[in-house]
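*Asks:* Those sequence lines, one after another, are chains C and G. According to our numbering, the first sequence holds residues 645 to 809 in order. According to our numbering, the second sequence holds residues 35 to 538 in order.
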Amino acid sequence: MRYVTTIGEREYLIEILSDGQVAVDGVVYNVDFESLSGQPVHSLLVDNHSYEGSVYPVEEGWQVLLRGTLYMVQVEDEREKRLRASLGSGPADYGEYHLKAPMPGLIVAIPVNEGQEVAKGDVVVILESMKMQNELKSPRAGKIARLRIKPGDSVEQRATLLSVV
Amino acid sequence: MFNKVLIANRGEIAVRIIRACRELGMQTVAVYSEADRQALHVRLSDEAYYLGPAPARDSYLRGDKIIAIAMESGAGGVHPGYGFLAERADFAQACQDAGLVFIGPKPSSIAAMGDKAVARATVAASGVPVVPGTEGEGSLLDEELLSLAPKIGFPLLIKATAGGGGKGMREVQALDEMAGLLQAARREAEAAFGDGNVYLEKLVEGARHIEFQILADNHGNVVHLGERECSLQRRHQKLLEECPSPFVGDDDELRQLMGSVAVRAAQAVDYVNAGTIEFLVDKDKNFFFLEMNTRLQVEHPVTEIVTGFDIVKEQIRIARGRQMRHTQEDIQLSGWAIDCRINAEDPYNQFLPSTGIISHMILPTGPGVRVDTGVYPGFEISPYYDSLISKLIVSGETRGEAILRMRRALEEYKIIGVRTNIPFHQRLMDSHRFMGGQYDTRFVEERFSLEAAEEGKGSLEDIAAILATLVAHQQTQRAAHIIQRGERGTSNWKWVGRWERMHR
Chain C
645 MRYVTTIGER
655 EYLIEILSDG
665 QVAVDGVVYN
675 VDFESLSGQP
685 VHSLLVDNHS
695 YEGSVYPVEE
705 GWQVLLRGTL
715 YMVQVEDERE
725 KRLRASLGSG
735 PADYGEYHLK
745 APMPGLIVAI
755 PVNEGQEVAK
765 GDVVVILESM
775 KMQNELKSPR
785 AGKIARLRIK
795 PGDSVEQRAT
805 LLSVV
Chain G
35 MFNKVLIANR
45 GEIAVRIIRA
55 CRELGMQTVA
65 VYSEADRQAL
75 HVRLSDEAYY
85 LGPAPARDSY
95 LRGDKIIAIA
105 MESGAGGVHP
115 GYGFLAERAD
125 FAQACQDAGL
135 VFIGPKPSSI
145 AAMGDKAVAR
155 ATVAASGVPV
165 VPGTEGEGSL
175 LDEELLSLAP
185 KIGFPLLIKA
195 TAGGGGKGMR
205 EVQALDEMAG
215 LLQAARREAE
225 AAFGDGNVYL
235 EKLVEGARHI
245 EFQILADNHG
255 NVVHLGEREC
265 SLQRRHQKLL
275 EECPSPFVGD
285 DDELRQLMGS
295 VAVRAAQAVD
305 YVNAGTIEFL
315 VDKDKNFFFL
325 EMNTRLQVEH
335 PVTEIVTGFD
345 IVKEQIRIAR
355 GRQMRHTQED
365 IQLSGWAIDC
375 RINAEDPYNQ
385 FLPSTGIISH
395 MILPTGPGVR
405 VDTGVYPGFE
415 ISPYYDSLIS
425 KLIVSGETRG
435 EAILRMRRAL
445 EEYKIIGVRT
455 NIPFHQRLMD
465 SHRFMGGQYD
475 TRFVEERFSL
485 EAAEEGKGSL
495 EDIAAILATL
505 VAHQQTQRAA
515 HIIQRGERGT
525 SNWKWVGRWE
535 RMHR
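1. With 16 other CB atoms within 10 Å as the buried threshold, where does S662 (chain C) fall?
2. Would you mind reading off the limits of the beta strand (DSSP E) that contains K787 (chain C)?
3. If R769 (chain C) and L805 (chain C) are in contact, beta carbons under 8 Å, what's the gap, nearest whole angstrom?
4. Taking the alpha-carbon positions, what's the E446 (chain G) to L484 (chain G) distance?
5. Sort G:K528, G:R532, G:A513 and G:L501 by Cα distance to L714 (chain C) and report the nearest one.
6. Rounded to whole angstroms, what is the Cα-Cα separation between M358 (chain G) and D251 (chain G)?
7. When you compare the CB positions of I193 (chain G) and E224 (chain G), do they come within less than 8 Å of one another, or not?
8. Between L330 (chain G) and V346 (chain G), is the Cβ-Cβ spacing less than 8 Å?
9. Would a C-beta distance cut-off of 8 Å place V238 (chain G) and I248 (chain G) closer than the cut-off?
10. Name the chain G residues whose beta carbon is nearer than 8 Å to that of R699 (chain C)?
11. For R242 (chain G) and R646 (chain C), I'd like the C-alpha separation in whole angstroms.
12. For F677 (chain C), report the span of its alpha helix (DSSP H) as first-last.
13. If we call anything under 8 Å between Cβ atoms a contact, is D373 (chain G) one with L274 (chain G)?
14. Indicate whether at least one CB of chain G lies closer than 8 Å to the CB of R728 (chain C).
15. Does any residue of chain C have a CB that is nearer than 8 Å to the CB of L444 (chain G)?
16. If the cut-off is 8 Å on Cβ atoms, which residues from the region 773 to 786 of chain C count as contacting chain G, listed in chain order?
17. Indicate whether V478 (chain G) and L266 (chain G) have their beta-carbon atoms separated by less than 8 Å.
18. Mind checking if R461 (chain G) is an interface residue toward chain C, Cβ cutoff 8 Å exclusive?
19. Taking Q290 (chain G) as the reference, give the member of G:H270, G:N231 and G:E363 with the closest Cα.
20. Taking only beta carbons into account, state which residues of the region 269 to 284 of chain G come closer than 9 Å to chain C, listed in chain order.
21. Measuring CB to CB, does M395 (chain G) end up less than 8 Å from K448 (chain G)?
22. Which residues share a DSSP beta bridge with Y233 (chain G)?
23. Relative to the C-alpha of T432 (chain G), which residue among G:S424, G:V303 and G:G369 is closest?
24. Can you pull the DSSP bridge partners for L661 (chain C)?
25. From this set, C:M774, C:R790 and C:K725, which residue's C-alpha is nearest D420 (chain G)'s C-alpha?
26. Do S424 (chain G) and I376 (chain G) have their C-beta atoms closer together than 8 Å?
27. Here's the rule: buried if 16 or more other CB atoms are within 10 angstroms of the residue's CB, otherwise exposed. What is H334 (chain G)?
28. Quick check: what's the CA-CA separation for S294 (chain G) versus G705 (chain C)?
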């Protein structure tokens, strides 16, 4: 399988070959890859150099935490990449965005009203959790729709709070 | 005297206190909320009693229930830890009234230090320097504040009397801009707290937050155990502490001077047991009393390492009426200690708290490493209490050795299941300003960024790319086995549509 893997501006062409080999931009490496006790922690040996990293799936791709640095990585096979190129924009810029509670907590305030226009980065909900008040921001410009909460509500993790259309 | 201690707290500090009691051969009584039945402090204690539902006001803040449990279990002493009931004079008084020993100061000392204006007036009267300001004067009109301002000197801060968290706070550089800023500060304070009263305080520039640990027994002996450097903060939350302070460093004269002032401040309120005097120190080594914490501090272990004292055991001995075995001359600082607070917060997402079950954890070990924690794999980090998971404390002969050891320990520390601020600490250890000890209380918020610190470091981007690709590939291979065309009995398109609607 051939993948186009992107970190920031840099693209890597990575081909998974058989028997523990990958080619990165045409250079072949011997790799040994193990998931540790069923956890998202992986041990990786690349030409006998040992690395350990955590890999988390997120909406925008994969987060890799390696020696204290977080890398945001997109992995696409060639067909996916062509598809995305023809769409020409990131997922946050079209369609509806549903703001979900990143953690369980208490709704302290909602500084916006239904139908209100918001800009990218505007605070839309203040959620209290672990004794801290956290500002949740709109990831894009749009109009507030389907406000499902009111101040004083307790919400579960991943509960949808409102939509930006 | 008592031989059984009730610990009116949870988390790492409850575990810390249980350990001290064990070493003194004392029995321990834990209390727990609905969310904490499986918590480590319950597992480690001799007895455990259910308090109430998870929210703190229904459990760990129920002083009446806690006292009833102490009576029922026959515990003679109550250790409040930090937070919750630790600085509540009424709780300390209620313990006393019930015939229990409160392991901490007298209720009157807690009350005197709890009110900022009273605390300032009390210590100022005994000759301790305080940050010049108008807080003790009560509510003043704009004209009065404007006429007092030049006496305090510029730059100064306008602060909300009811305030906190920087709301209603304004920095004033000169008199001519002050009238406008006063209006703005009052408006903001009124909106945030429903109280537009403000006061003035001199702005200490390049301020460092340095605190002194003190111990006082019932026989009139008061000693200090040197200082702790606590300037690394974010939103007024401490993130890292070290002992000694790199700013005080070799200046033993300054240390002894500040220490003796701290002792005097404690004596001014007739203090007993362990306490901490916080100072602001400017770049010219002028220092000002900020406040006194009338309890055990989160960061007490760095002092324990450098002085060799076990502060929690000392607290219990003092509460049992023993005289301290050490005089000020016996107390020597040796080596260096650093404490990183490991919080369940995502440093890459505005430090938002992270909750969930810790699925996997590897603790750092080896020479010079101490971990104080209240969690274990399988334990759930709930949203009800603060986000401190553990304290990672390292020691070294020198500050340099301690920093290198902390780097090593942070790399070993693996916590899976919740996001932690470990990467933040790792970046901090690489920061040149931190290594040089060149930081003040604004450093983290104004001059430190995770991204900037990452530049110029040997990048492992290609390794990250390989790792993510391998994981993605593995997932695709598995998915291909699970979902095959038509197996669902309904169109995959329809199924995906329904699934998406469900997750809105």
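Where is the CB? At the ideal position from N, CA and C, for every residue including glycine.
*Replies:* Taking the geometry as given:
1. In the first sequence, the residue the question calls residue 662 (chain C) occupies position 18. So S662 (chain C) ends up on the exposed side.
2. The count along the first sequence starts at 1 and reaches residue 787 (chain C) at position 143. Element bounds for K787 (chain C): G786 to A789.
3. Counted from its first residue, the first sequence places residue 769 (chain C) at position 125. Counted from its first residue, the first sequence places residue 805 (chain C) at position 161. The residue asked about is misnamed: residue 769 (chain C) is Val in this sequence, not Arg. With 8 Å as the limit, V769 (chain C) and L805 (chain C) qualify as a contact, their Cβ atoms being about 6 Å apart.
4. Taking the second sequence and counting its residues from 1, the one referred to as residue 446 (chain G) is at position 412. Taking the second sequence and counting its residues from 1, the one referred to as residue 484 (chain G) is at position 450. Distance between the alpha carbons of E446 (chain G) and L484 (chain G) is about 20 Å.
5. Looking up residue 714 (chain C) in the first sequence gives position 70. Residue G:L501 is the option with its Cα nearest to L714 (chain C).
6. The residue you call residue 358 (chain G) lines up with position 324 of the second sequence. The residue you call residue 251 (chain G) lines up with position 217 of the second sequence. For M358 (chain G) and D251 (chain G), the distance between alpha carbons rounds to 6 Å.
7. Here the question's residue 193 (chain G) lines up with position 159 in the second sequence. Here the question's residue 224 (chain G) lines up with position 190 in the second sequence. With the sequence shown as reference, residue 193 (chain G) is identified as Lys, and Ile is not the correct amino acid for it. Between K193 (chain G) and E224 (chain G), the C-beta gap is not smaller than 8 Å, which leaves the two residues out of contact.
8. For the purposes of this step, residue 330 (chain G) is taken as residue 296 along the second sequence, with counting starting at 1. For the purposes of this step, residue 346 (chain G) is taken as residue 312 along the second sequence, with counting starting at 1. Yes. Within cutoff.
9. Position 204 of the second sequence, counting from 1, holds the residue named residue 238 (chain G). Position 214 of the second sequence, counting from 1, holds the residue named residue 248 (chain G). No. Outside cutoff.
10. For the purposes of this step, residue 699 (chain C) is taken as the residue at position 55 of the first sequence. The question names Arg, yet the displayed sequence has Val at residue 699 (chain C). In chain order: L501, A502 and V505.
11. Within the second sequence, numbered from 1, the residue matching residue 242 (chain G) stands at position 208. Within the first sequence, numbered from 1, the residue matching residue 646 (chain C) stands at position 2. So the alpha carbons of these two residues sit roughly 54 Å apart.
12. Locating residue 677 (chain C) in the first sequence gives position 33, where the first residue counts as 1. First-last for F677 (chain C): V671 to S679, but that is the beta strand (DSSP E), not the alpha helix (DSSP H).
13. Looking up residue 373 (chain G) in the second sequence gives position 339. Looking up residue 274 (chain G) in the second sequence gives position 240. At the C-beta level, D373 (chain G) and L274 (chain G) come within 8 Å of one another.
14. Position 84 of the first sequence, counted from the start, is the residue given in the question as residue 728 (chain C). It does not: the Cβ of R728 (chain C) has no partner Cβ on chain G nearer than 8 Å.
15. Looking up residue 444 (chain G) in the second sequence gives position 410. Output row for L444 (chain G): interface = yes.
16. Taking 8 Å as the upper bound on Cβ-Cβ separation, chain G lies near residues S773, M774, K775, M776, N778 and E779 of the region 773 to 786 of chain C.
17. What you label residue 478 (chain G) is simply residue 444 of the second sequence in a count that begins at 1. What you label residue 266 (chain G) is simply residue 232 of the second sequence in a count that begins at 1. Between V478 (chain G) and L266 (chain G), the C-beta spacing is below 8 Å.
18. For the purposes of this step, residue 461 (chain G) is identified with residue 427 of the second sequence, where counting begins at 1. Interface with chain C (8 Å Cβ-Cβ cutoff): R461 (chain G) is included.
19. Taking the first residue of the second sequence as 1, we reach residue 290 (chain G) at position 256. When only C-alpha atoms are compared, the closest one is G:E363.
20. Residues R269 and Q271.
21. To locate residue 395 (chain G), count along the second sequence from 1; it is residue 361. To locate residue 448 (chain G), count along the second sequence from 1; it is residue 414. Taking a C-beta distance under 8 Å as the contact criterion, M395 (chain G) and K448 (chain G) qualify as a contact pair.
22. If you number the second sequence from 1, residue 233 (chain G) lands on position 199. Within the DSSP secondary-structure output, Y233 (chain G) pairs in a beta bridge with G:K193.
23. Reading the second sequence from its first residue, position 398 is the one you call residue 432 (chain G). Taking only the C-alpha atoms, the option nearest T432 (chain G) is G:G369.
24. Position 17 of the first sequence holds residue 661 (chain C). Partner(s): C:Q665.
25. The residue labelled residue 420 (chain G) in the question sits at position 386 within the second sequence. If we check each option's Cα against that of D420 (chain G), C:M774 comes out closest.
26. Within the second sequence, numbered from 1, the residue matching residue 424 (chain G) stands at position 390. Within the second sequence, numbered from 1, the residue matching residue 376 (chain G) stands at position 342. Result yes, Cβ atoms of S424 (chain G) and I376 (chain G) sit closer than 8 Å.
27. What you label residue 334 (chain G) is simply residue 300 of the second sequence in a count that begins at 1. By the neighbour-count rule (16 or more Cβ atoms within 10 Å), H334 (chain G) is buried.
28. Your numbering for residue 294 (chain G) matches position 260 in the second sequence. Your numbering for residue 705 (chain C) matches position 61 in the first sequence. Rounded to the nearest angstrom, the two C-alpha atoms are 57 Å apart.
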